[in-house]
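Structural data, given as structure tokens:
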């Protein structure tokens, strides 16, 4: 459908001091409401012991 997109990404956080490395992957769907507004939902899974096991979320972007 027009205005629908998707994404898959991996990312990590490497602490500068003490702490464990966080590595996770997420995938989601985006929907462009109009030229200035986009909505998204995603699911994330942790790939390292320090990462959160599962997360589900959403958000929006507004251009002005």
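Numbering (the working numbering), first residue to last: -10 to 53.
The beta-carbon is built from N, C-alpha and C at its ideal position, and this holds for glycine as well.
Computed from a predicted structure; not experimentally measured.
Look at the alpha carbon of residue i and the alpha carbon of residue j, and state the distance between them as a whole number of angstroms.
i           : j          : result
residue -10 : residue 33 : 24 Å
Check residue i in the structure and name its three-state DSSP category.
i          : result
residue 37 : coil
residue 1  : strand
residue -8 : coil
residue 7  : coil
Within 10 Å of its beta-carbon, does residue i have 16 or more other beta-carbons around it, so buried, or fewer, so exposed?
i          : result
residue 13 : buried
residue 44 : exposed
Could you check where the beta strand (DSSP E) with residue i kicks off and where it finishes?
i          : result
residue 17 : 11 to 23
residue 43 : 43 to 51
Considering only the beta carbon of each residue, do residue i and residue j sit closer than 9 Å?
i          : j          : result
residue 28 : residue -1 : no
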